[in-house]
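Numbering (the numbering used here), first residue to last: 1 to 576.
No residue lacks a Cβ here, since even glycine has one placed at the ideal position from N, Cα and C.
If you're wondering where the values come from, they're calculated on a predicted model, not measured in any experiment.
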Amino acid sequence: MIESAAPHEIVLGRSTRPDAWSLVLFDAQGSEQSRHEIAASELPVEVSRLEAGASPRWVVRHLREVYPPLLAAGIRIRRAHDLLLCHAILRDTTSLADPIPSSSRWVRADPLVTTIETPALFDLHEVSSQGAGDPYAEIDELLAEYARQRAAQRRAPDGRLALLCAAESTGALVAEEMTAAGLPWSTAVHERLLVDALGPRPASGARPIRMAELAVAIGESLEDSTVNPDSPPRLLKSLRRAGILVDSTSRWELGEIEHPVVEPLLTYKKLARLFTANGWSWLAEWVREERFRPIYLTGGVVTGRWASSGGGALQIPRSLRPAVRADEGWTLVCADVAQLEPRVLAAMSKDRAMAAAARGADLYEGVVRSGAVQTRQEAKYAVLGAMYGATTGPSGQLGPRLRSVFPRAMALVDAAAKTGEDGGVVSTLLGRSSPRPDAMWAAAQARASDPDADGSDERVARSRARDRGRFTRNFVVQGTAAEWSLLWLAEIRHRLSALPDAHDPAPRSGPVFARRAHLAFFLHDEVIVHVPLEQADDAARVVQDAAEAATRRLFPGFDIDIPLDLRIAEDAGKDS
DNA sequence: GTTCTTTGCGCG
DNA sequence: AAAGCGCGCAAAGAAC
């Protein structure tokens, strides 16, 4: 069918007919232009045709459900609005006097319902029939929800909520594209690292030789040949029998003890972690065709950070980073931000003194220069303690020093903590709000105010209140930092897509990314871009420019340094 | 037998 | 020099 003008927005949802989709097209004024249905098998071609025009904004229930099959068919879309993700933002925000009404229809299902395997092309009916209601009567529901969300964004006093929703949705596009592209992973390098640390791959069920040797040494040292270092309760008993009076078997507590068992035990724990979390079975389960493909859960953390599902994507140990290795003819652009959170705090609180300390590559050195503390180490503890709410120890003791030198920054986090302790809700700079306290929390506070309350009730309530204060204190900083990162990602994606196709790379990243630089990994404040060799410098510049653009968008008119540590390398190991 | 909770540790 | 925030996952042990 032919439209008079290219559509500005397209709401895409399942049709009332099986195996069909509905599309409702809107013009730039928000008036409906037309609607039509197509067979599921024709969707990729239809999306591709409409995308080729003016890149409309695709409005869908949830990109996690819709986008992977399109990517599998070789289709990318430029702009989107994820109703499910934005529902959570616009429902919980305290930036609006009348946020959108909550609905169980807009709660994210278990991420594993949409499996790691690419679902059969557009056969997504099982996925959302999990929710209540008729699975084929979707399009009207999407239209109604989108109308509510648009109205809510218009009610906002400024454009910040709209920016947040746009960034959240673009983040979801990036997330699916990264899953589709995968993180290039060298099985050979990973296996070599495992053998170097653990010895040859053991028979199934057996301990690797290095761990077995250490277990024997631990047994001899404790004079207990039956000790099982994998079992904390049994290990604890064995330690105490040997006269080592610890309360737990955790690393930091054992590290304080002077005893010959400590060294082999800590080494054993390190190796056991590598073996169980990222050993040969992890490799077999999660790496296929030299690609690691985690599922990213956009907005999966209350603060707006991403979570992940499958393979522990956000917890890959640094020791395995050398296994992240570019394809032949490609390279990696790796970038991370040094001390993102304190820089964000300086900017969001408009604390000029702290922004001055943040000038340059090392914020902690800047804090020393400001005169607040004597050494870099003190600066680090003091700053982290301020953002996390440390009250005791050297970290907490430095709080007053910081308050006198950076009053605005400290006032912001102190106020957030106070609000949280009082049971209130705090928000990020763009308007993502913290959860309300749960019923248990409120009940504990109520008990303490009861005339019959005893000292124990009051202590418990006080402690819970402080716990929540530390959470809200950190929420505003962590959440605003997550917003900076989201804008950074979106800017990187936008600028990478403006690069021309490379001439001559080996096309190994899948059809959509065969000749294109693409984001391959994101972890809170760092990115890895997989890039054809000839475009390495262009991609590095993109990542740098994107960071500056993100800073300007989030903190317009405020001068804050958010510098990158940026390198181009064949692998993501730190020293290569 | 299965599912739930706890412990410990990886990441930022 | 500390143990303050947010996560996911594996294994063991407890609970069913």
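DSSP, read as helix, strand or coil, puts TRP330 in strand. Residue state for PHE275 is assigned as helix, using DSSP reduced to three classes. Going by DSSP, PHE471 is part of the alpha helix (DSSP H) stretching over 455-498. As for any beta strand (DSSP E) of minimum length 3 sitting wholly inside the segment 148-188, there is none. Residue pairing by DSSP places HIS530 opposite LEU332 and HIS518 in a beta bridge.
Between ILE218 and VAL261, the beta carbon gap of about 6 Å places them in contact (Cβ cut-off 8 Å). Contact between the segment 141-150 and the segment 235-255 is not established, with fewer than three Cβ pairs separated by less than 8 Å.
Ranked by Cα distance from LEU50, the first of ARG78, ALA156 and VAL425 is ARG78. Looking at the DSSP output, ARG14 sits in a beta bridge with TRP21. The Cβ-Cβ distance between THR187 and GLU570 does not fall below 8 Å.
Annotation for SER281: the continuous alpha helix (DSSP H) segment containing it runs 280-286. In this structure, the CA atom of ASP230 is about 37 Å from the CA atom of LEU340. In the DSSP annotation of this structure, the continuous segment of the alpha helix (DSSP H) that includes ARG401 starts and ends at 399-405. Between VAL324 and PRO184, the beta carbon gap of about 7 Å places them in contact (Cβ cut-off 8 Å).
Leaving aside the five residues that flank ALA54 on each side, the residues in its chain whose CB is nearer than 7 Å to its CB run, in chain order, ALA6. The DSSP assignment places complete alpha helix (DSSP H) segments of no fewer than 4 residues inside the segment 303-362 at 340-348 and 352-357, in order along the chain.
Taking GLU534 as reference, the option from VAL333, VAL246, ASP414 and ALA453 with the minimal CA-CA separation is VAL333. Residue range 376-388 is occupied by the alpha helix (DSSP H) that includes ALA386. The beta carbon of LEU84 sits closer than 7 Å to the beta carbons of ARG61, HIS62, TRP106 and ARG108 from its chain, once the five residues preceding and following it are set aside; these are given in chain order.
Put simply, the backbone Cα of VAL527 is about 5 Å away from that of ALA335. The beta-bridge partner set that DSSP reports for LEU566 consists of ALA335. For the pair PHE26 and ARG35, the Cα-to-Cα distance works out to about 9 Å. Taking a C-beta distance under 8 Å as the contact criterion, VAL344 and THR480 qualify as a contact pair. Counting along the chain, ALA540 sits inside the alpha helix (DSSP H) bounded by residues 536-554.
By the 16-neighbour rule on beta-carbons within 10 angstroms, GLU491 is buried.
In the DSSP assignment, ILE38 falls within the unbroken beta strand (DSSP E) covering 32-39.
Counting the other Cβ atoms within 10 Å of the Cβ of LEU412 gives 16 or more, which makes it buried.
In the three-state reduction of the DSSP assignment, ASP571 falls in the strand class. VAL262 is bridged by DSSP to nothing; it lacks a bridge partner. Within its own chain, the residues whose Cβ lies closer than 8 Å to the Cβ of ALA417, once the five positions on either side in sequence are excluded, are GLY389, GLY469, ARG470, THR472 and ARG473, listed in chain order.
Restricting attention to PHE292, VAL216 and GLY199, the CA atom closest to the CA of LEU271 is found in GLY199. HIS81 carries a strand assignment under DSSP once its states are collapsed to helix, strand and coil. Contact check for TRP21 against ALA40 passes: the beta carbons are separated by less than 8 Å. In this structure, VAL531 places its C-beta atom within 8 Å of the C-beta atom of ALA517.
Nearest C-alpha to ARG160 among GLN478, ASP422 and THR94: THR94. Here VAL45 is exposed. Its C-beta has fewer than 16 other C-beta atoms within 10 Å.
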